[in-house]
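Student:
Protein chains: 2
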Amino acid sequence: MSQQASLAALHERIAAVNDVLNATSLLTWDSRTMMPSGGAETRGQQIATLTRIARDLLLAPETEKALEQAERAVEGLPEDAAEKRMVRQTRHALEHHRSVPASLIQERAALRTVAQAAWIEGRSKSDFSIFAPHLAKTVELSRAYADCIGWSEHPYDAMVSIYEPGETAASLKALFAKLRAGLLPILDAARSRPQPRSDFLFRDYPEEGQRAFGLTLAEKLGYDFRRGRLDTTVHPFEVSFTRNDVRITTRYTRNYLPASIFGTAHETGHALYEQGADPAYVRTTLATDLVGLYAVSGTSFGAHESQSRLWENHIVRSRTFWQRNFPELQRHFPEQLGDVTAEEFYRAVTRVEPGFIRVEADELTYDFHIMLRTDIECALMDGSLPVSDLPDAWNAAIKRDLGLTVPNDAKGVLQDVHWSTGYIGSFPTYTVGNVMGAQVMETLRQQNPSLDAAIEAGEYGALAEELRARIWQHGRRYTRDELLERETGRRLDPAPYLAYLQTKYA
Amino acid sequence: MSQQASLAALHERIAAVNDVLNATSLLTWDSRTMMPSGGAETRGQQIATLTRIARDLLLAPETEKALEQAERAVEGLPEDAAEKRMVRQTRHALEHHRSVPASLIQERAALRTVAQAAWIEGRSKSDFSIFAPHLAKTVELSRAYADCIGWSEHPYDAMVSIYEPGETAASLKALFAKLRAGLLPILDAARSRPQPRSDFLFRDYPEEGQRAFGLTLAEKLGYDFRRGRLDTTVHPFEVSFTRNDVRITTRYTRNYLPASIFGTAHETGHALYEQGADPAYVRTTLATDLVGLYAVSGTSFGAHESQSRLWENHIVRSRTFWQRNFPELQRHFPEQLGDVTAEEFYRAVTRVEPGFIRVEADELTYDFHIMLRTDIECALMDGSLPVSDLPDAWNAAIKRDLGLTVPNDAKGVLQDVHWSTGYIGSFPTYTVGNVMGAQVMETLRQQNPSLDAAIEAGEYGALAEELRARIWQHGRRYTRDELLERETGRRLDPAPYLAYLQTKYA
Numbered sequence: 299m300s301q302q303a304s305l306a307a308l309h310e311r312i313a314a315v316n317d318v319l320n321a322t323s324l325l326t327w328d329s330r331t332m333m334p335s336g337g338a339e340t341r342g343q344q345i346a347t348l349t350r351i352a353r354d355l356l357l358a359p360e361t362e363k364a365l366e367q368a369e370r371a372v373e374g375l376p377e378d379a380a381e382k383r384m385v386r387q388t389r390h391a392l393e394h395h396r397s398v399p400a401s402l403i404q405e406r407a408a409l410r411t412v413a414q415a416a417w418i419e420g421r422s423k424s425d426f427s428i429f430a431p432h433l434a435k436t437v438e439l440s441r442a443y444a445d446c447i448g449w450s451e452h453p454y455d456a457m458v459s460i461y462e463p464g465e466t467a468a469s470l471k472a473l474f475a476k477l478r479a480g481l482l483p484i485l486d487a488a489r490s491r492p493q494p495r496s497d498f499l500f501r502d503y504p505e506e507g508q509r510a511f512g513l514t515l516a517e518k519l520g521y522d523f524r525r526g527r528l529d530t531t532v533h534p535f536e537v538s539f540t541r542n543d544v545r546i547t548t549r550y551t552r553n554y555l556p557a558s559i560f561g562t563a564h565e566t567g568h569a570l571y572e573q574g575a576d577p578a579y580v581r582t583t584l585a586t587d588l589v590g591l592y593a594v595s596g597t598s599f600g601a602h603e604s605q606s607r608l609w610e611n612h613i614v615r616s617r618t619f620w621q622r623n624f625p626e627l628q629r630h631f632p633e634q635l636g637d638v639t640a641e642e643f644y645r646a647v648t649r650v651e652p653g654f655i656r657v658e659a660d661e662l663t664y665d666f667h668i669m670l671r672t673d674i675e676c677a678l679m680d681g682s683l684p685v686s687d688l689p690d691a692w693n694a695a696i697k698r699d700l701g702l703t704v705p706n707d708a709k710g711v712l713q714d715v716h717w718s719t720g721y722i723g724s725f726p727t728y729t730v731g732n733v734m735g736a737q738v739m740e741t742l743r744q745q746n747p748s749l750d751a752a753i754e755a756g757e758y759g760a761l762a763e764e765l766r767a768r769i770w771q772h773g774r775r776y777t778r779d780e781l782l783e784r785e786t787g788r789r790l791d792p793a794p795y796l797a798y799l800q801t802k803y804a
Numbered sequence: 299m300s301q302q303a304s305l306a307a308l309h310e311r312i313a314a315v316n317d318v319l320n321a322t323s324l325l326t327w328d329s330r331t332m333m334p335s336g337g338a339e340t341r342g343q344q345i346a347t348l349t350r351i352a353r354d355l356l357l358a359p360e361t362e363k364a365l366e367q368a369e370r371a372v373e374g375l376p377e378d379a380a381e382k383r384m385v386r387q388t389r390h391a392l393e394h395h396r397s398v399p400a401s402l403i404q405e406r407a408a409l410r411t412v413a414q415a416a417w418i419e420g421r422s423k424s425d426f427s428i429f430a431p432h433l434a435k436t437v438e439l440s441r442a443y444a445d446c447i448g449w450s451e452h453p454y455d456a457m458v459s460i461y462e463p464g465e466t467a468a469s470l471k472a473l474f475a476k477l478r479a480g481l482l483p484i485l486d487a488a489r490s491r492p493q494p495r496s497d498f499l500f501r502d503y504p505e506e507g508q509r510a511f512g513l514t515l516a517e518k519l520g521y522d523f524r525r526g527r528l529d530t531t532v533h534p535f536e537v538s539f540t541r542n543d544v545r546i547t548t549r550y551t552r553n554y555l556p557a558s559i560f561g562t563a564h565e566t567g568h569a570l571y572e573q574g575a576d577p578a579y580v581r582t583t584l585a586t587d588l589v590g591l592y593a594v595s596g597t598s599f600g601a602h603e604s605q606s607r608l609w610e611n612h613i614v615r616s617r618t619f620w621q622r623n624f625p626e627l628q629r630h631f632p633e634q635l636g637d638v639t640a641e642e643f644y645r646a647v648t649r650v651e652p653g654f655i656r657v658e659a660d661e662l663t664y665d666f667h668i669m670l671r672t673d674i675e676c677a678l679m680d681g682s683l684p685v686s687d688l689p690d691a692w693n694a695a696i697k698r699d700l701g702l703t704v705p706n707d708a709k710g711v712l713q714d715v716h717w718s719t720g721y722i723g724s725f726p727t728y729t730v731g732n733v734m735g736a737q738v739m740e741t742l743r744q745q746n747p748s749l750d751a752a753i754e755a756g757e758y759g760a761l762a763e764e765l766r767a768r769i770w771q772h773g774r775r776y777t778r779d780e781l782l783e784r785e786t787g788r789r790l791d792p793a794p795y796l797a798y799l800q801t802k803y804a
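Top to bottom, those sequences are chains A and B.
Going by the working numbering, the first sequence opens with residue 299, and the numbers climb by one from there.
Going by the working numbering, the second sequence opens with residue 299, and the numbers climb by one from there.
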């Protein structure tokens, strides 16, 4: 069999897996945007079946056979050849899924259903004890999962590897130590200054105006509506069904204008990454997370978050953006923003105010929420923190880092959905994204002296083109650290992120 | 293995097939309602993959094994027991798909792509010769398909059996002979009367008002919006993803009011059938067309059409409906309908006017369009009509039946999409639906003397309840003729349909 024929056979297998996973993503998108309430139960069954089929297709003897032929075919290729990477990643995913018995997958899925119900009840009653036994079971099954996949230093390493290959409990600990040391003085400095006015953010902003501005904003940043659409959901997200159809959602909070603006900018950043993938990688391993069984072109959760944070914070949450674009926002809301200047608006959307809730946190305090969760996840996974001690550990960390006293579990340990879905290990990718975004942005600015002028002029095409060439087009061909080394000359480094925050907030 | 365990194993296999087919339906619904244009190509690949997977799941050795065990388990059950029917239908579908080689399926799918493009071009240029070679190939592959499935009297029998089990070229010929003889004098009588005024139907009707009335209309007929939604498409349709999520679409023609009203009523009729299926049949063979690989509860295309036509024509296109509901329509369009009475509106929407286009035809001429197409399909399948003679045959039939001279192929032989998608054999199910709907309605009226009074009072719950109990709830458990025999005491019979048209139009 020729090299080409060997690879074609594997491509065909993986294309089918990608098709199934994209269909699964559509089932999910629809359930959050369009589906009538009655469809929930059968929709859940449909999603479960398609996910199982994707795994079965991967584990079928035909895939192994095609993979072995493809492995022989790519032997002579350079290490970073796209075809070689596809084959390597498929092998890695196959071994991953072989190591996890179907019974454990079913057990986790069954737990998810009851754990989510318990979490919803526990949060509504602000009573951690309702959720605690399910979290204990989640930790137990996650530990079993980690043992299946394998780990050497720390069981958390296995969980993180699913979302952010390359990171470990130890590497995150080192990263967080540097971050904490750098962030605290900036936070102190910011908190020592008087708060800017922000009353106008809480005025009455009808949805039509917010949506109209959001559509313009997404387009301005480079989002291609011929391959996308913007809908409304309770929790905003981005999802793609190949690079040809990448959708975003947002939420319109009538009495808090920034939610939809920065939410839309954030999801647009995610969408640009997916829309910018190489068309040649469509339906291949390089556009499919075969380990996580999710059709995505971004190379890791953290890399994805780097793009959403870059556009949300470095571009849209900037003084120059509002100097240029505030008049347009005013045109949509002449009464609500008539007594506000661009500078006042910028200051209001960059005010620093420690709070209990992660998703409402400002740029300076956000990472403390993440570090807290990551520390707890590590301690749960290695058994050094019993589930029953979790609220105390949580509340003590919030007191230590942000100086706040958590009033109840709903505003503390029960606020996030993540653990109730059986996921442990994804939280640190948010901070990885912040760090990576700043690192990439710093390099781009250094290497392109004209970039800042273009951004100040409201021209984002040059930035998008740089990101497309350096990151987006590669899909999952390179790891996150490989991308960073190619483009910035070094692995993940918190210095640019701290420098950016220092300049902006201290 | 216990009887229950044997059946459970088969149920699990079929539930997965049903999940995949429902996901396929969602991919299609989305492509026609929500998908950005860029997504078309990869969406087509996703649909093809999922359809193939559904077939593969059916043909997998595990299904055969589970089926054999289930066959033994249901041996002692009565012929019409639901479990026995499930097993029988699964066996029938398995044998059907085994008889058709994958290569023929691929050949048909490949042809579809080029044939549709040629049809679009041919129609736009009104030139049959552009489409003709692809239609010839479609006939050739359909003939090969029929030979795989098997037939004894006429190759068309095999094609019709996919859509309307029980009908054959011969049975349709007999039915059409009676219909033609009965329809012609009614049509003559209707055409001898002066045309009612209809100018007001063509006024300016903004979409908002049409949509608002359509939503009320669907709800009034019994459509459950907690398990459904109404969207806008170019070609209206109904589609379900189990009975828990049954969606309809319509089209708003700004200068022709009846299109959306009767289109919505029609699709609501389809939706009521699906929403009314027995919840116990969800994800089973009795809610899945395993031969056609389509997740649907209706027992045949004709049975489905009987429900849409019943609600569209017997209920909404009736004098009593507009006597009661015209004032509400006027409230939505006070200026456009201010000079119109309910009686005038009813007469306008039941006016008879022979035309070239099937989808615009009135109740009296519609079936002539269907009979023409069915005659042609039969003659194509048995080779008695060469493709090149098709326009002449078409135009001659329109002249003979409707007295019209077809001006060009676009308004004649090229008007319908069906043949370009590779489908031959589904046209007669439209007329079967008309006949069955009238037959059911006649029996219901005879057996429930209070039904007419309820309908006249605008109460449609009693009718829906009767249809639910007699037809909808059974899903695919009984064949169309079994349903008719159970409920009307005889098989498909055109007499009630002709009597209904006679009363209404002659």
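C-beta: ideal position from N, C-alpha, C; glycine also.
Examine chain B for any beta-carbon lying closer than 8 Å to the beta-carbon of Glu339/A, and answer yes or no.
Tutor: It does; some Cβ of chain B falls within 8 Å.
Student: What separation, rounded to the nearest whole angstrom, lies between the Cα atoms of Phe618/B and Ile753/B?
Tutor: Per the sequence shown, residue 618/B should be read as Thr rather than Phe. The alpha-carbon atoms of Thr618/B and Ile753/B are separated by roughly 8 Å.
Student: When you check each C-beta in the stretch 321 to 337 of chain B against every C-beta of chain A, which residues fall closer than 9 Å?
Tutor: The stretch 321 to 337 of chain B vs chain A, Cβ under 9 Å: Ala321, Thr322, Leu324, Leu325, Trp327, Asp328, Thr331, Met332, Met333, Pro334, Ser335, Gly336, Gly337.
Student: According to a CB-to-CB cut-off of less than 9 Å, which residues of the stretch 345 to 376 of chain A neighbour chain B?
Tutor: If the cut-off is 9 Å between Cβ atoms, the stretch 345 to 376 of chain A has Ile345, Ala346, Thr347, Leu348, Arg350, Ile351, Leu355 near chain B.
Student: List in chain order: all unbroken alpha helix (DSSP H) runs of 4+ residues lying wholly within the stretch 549 to 636 of chain B.
Tutor: Within the stretch 549 to 636 of chain B, the complete alpha helix (DSSP H) runs of at least 4 residues are 556 to 573, 599 to 607, 617 to 630.
Student: Is any beta-carbon of chain B found at less than 8 Å from that of Asp317/A?
Tutor: So, interface residue.
Student: Nearest to Gly759/B by alpha carbon, out of Phe599/B, Phe535/B, Ala516/B, Gln800/B?
Tutor: Per the Cα distances, Ala516/B.
Student: Against chain A, does Arg509/B count as a neighbour if the rule is that its beta carbon must be under 8 Å from one of theirs?
Tutor: No - not a single Cβ of chain A is within 8 Å of the one on Arg509/B.
Student: Should Arg581/B be flagged as near chain A, meaning a C-beta pair shorter than 8 Å?
Tutor: So yes, Arg581/B belongs to the interface.
Student: For the structure I just gave you, are there three or more beta carbon pairs, one from the stretch 343 to 352 of chain A and one from the stretch 305 to 319 of chain A, closer than 8 Å?
Tutor: The stretch 343 to 352 of chain A vs the stretch 305 to 319 of chain A: in contact.
Student: Tell me, to the nearest whole angstrom, how far the beta carbon of Lys476/B is from that of Pro792/B; I am working on the premise that it is less than 8 Å.
Tutor: Right, the Cβ-Cβ distance comes to about 5 Å (below 8 Å), so this counts as a contact.
Student: For Thr340/A, is the classification buried or exposed, using 16 other Cβ atoms within 10 angstroms of its Cβ as the cut-off for buried?
Tutor: Buried is the call here.
Student: Could you spell out the range, first to last residue, of the alpha helix (DSSP H) harbouring Leu499/B?
Tutor: Taken as a continuous stretch (DSSP letters only), Leu499/B belongs to no alpha helix (DSSP H), as it is neither H nor E.
Student: Less than 8 Å between CB atoms is the rule here; does Phe539/B satisfy it with respect to chain A?
Tutor: Yes - at least one Cβ of chain A is within 8 Å of the one on Phe539/B.
Student: Give the single residue among Ser440/B, Ala364/B, Tyr503/B whose Cα lies nearest to the Cα of Val398/B.
Tutor: Here the closest residue by C-alpha is Ser440/B.
Student: From the DSSP output, which residues share a beta bridge with Glu536/A?
Tutor: Note: Glu536/A sits in a beta bridge opposite Ile546/A.
Student: Which runs of the alpha helix (DSSP H) fall wholly inside the stretch 677 to 751 of chain A and span at least 4 residues, in chain order?
Tutor: Complete alpha helix (DSSP H) runs here, min 4: 688 to 700, 726 to 745.
Student: Could you confirm whether any beta carbon from chain A is found closer than 8 Å to the beta carbon of Ala400/B?
Tutor: No - not a single Cβ of chain A is within 8 Å of the one on Ala400/B.
Student: Between the alpha carbons of Phe533/A and Gln621/A, how many angstroms are there, rounded?
Tutor: Checking the sequence, you will find His at residue 533/A rather than Phe. Rounded to whole angstroms, His533/A to Gln621/A spans 29 Å at the Cα level.
Student: Apart from the five residues on each side of it in sequence, which residues of its chain come closer than 7 Å, Cβ to Cβ, to Ala391/A?
Tutor: Counting only Cβ-Cβ distances below 7 Å, and skipping sequence neighbours, we find Leu356, Leu588, Val589.
Student: Mind checking which residues open and close the beta strand (DSSP E) that includes Leu828/B?
Tutor: Because chain B spans 299 through 804 in this model, residue 828/B falls outside it and cannot be assessed.
Student: Which of the three DSSP states, helix, strand or coil, is assigned to Met333/A?
Tutor: Residue state, collapsed to three classes: coil.
Student: Ser538/A and Ala578/A: beta carbons closer than 8 Å?
Tutor: For Ser538/A and Ala578/A, no; Cβs fall outside 8 Å.
Student: Which residues in chain A sit within 9 Å of Arg525/B, going by Cβ to Cβ distance?
Tutor: Correct list: Pro334, Ser335, Gly336, Gly337.
Student: Going by Cα to Cα distance, which pick from Tyr521/B, Phe654/B, Glu675/B, Ser686/B is closest to Ile696/B?
Tutor: Looking at the Cα atoms, Phe654/B is the closest of the given residues.
Student: Nearest chain B C-beta to Ala755/A closer than 8 Å, yes or no?
Tutor: By this cut-off, Ala755/A is not an interface position.
Student: Do Ala400/B and Ser304/B count as a contact pair if the criterion is CB distance below 8 Å?
Tutor: No, they are not a contact pair.
Student: When we look at the beta-carbon of Val730/B and count the other beta-carbons within 10 Å, is it buried (16 or more) or exposed?
Tutor: Buried, since its Cβ has 16 or more Cβ neighbours within 10 Å.
Student: Answer with yes or no whether the minimum CB distance from Gln771/A to chain B is below 8 Å.
Tutor: No, no contact with chain B.
Student: Rounding to the nearest angstrom, what Cα-Cα distance links Ala646/A and Leu702/A in this structure?
Tutor: Their backbone Cα atoms lie some 22 Å apart in a straight line.
Student: Could you say which of Arg784/A, Asp707/A, Thr331/A, Met734/A lies nearest to Ala430/A if we only look at CA atoms?
Tutor: Minimum Cα distance to Ala430/A is reached at Asp707/A.
Student: Output the boundary residues of the alpha helix (DSSP H) element that contains Arg406/B.
Tutor: Unbroken alpha helix (DSSP H) run through Arg406/B: 400 to 423.
Student: Give the C-beta separation of Thr547/A and Asp522/A to the nearest angstrom, bearing in mind that I take them to be a contact with Cβ-Cβ under 8 Å.
Tutor: Incorrect: roughly 17 Å between the Cβ atoms, too far for contact.
Student: Drop a sphere of 10 angstroms on the beta-carbon of Gly448/B, count the other beta-carbons inside from all chains shown, and report buried for 16 or more, exposed for fewer.
Tutor: Answer is exposed; the Cβ neighbour count stays below 16.
Student: Using a Cβ cut-off of 8 Å (strictly closer), state whether Asp587/B contacts chain A.
Tutor: Not one chain A Cβ lies under 8 Å of Asp587/B.
Student: Can you check whether the C-beta of Gln343/A is within less than 8 Å of a C-beta belonging to chain B?
Tutor: Chain B contact via Cβ: present.
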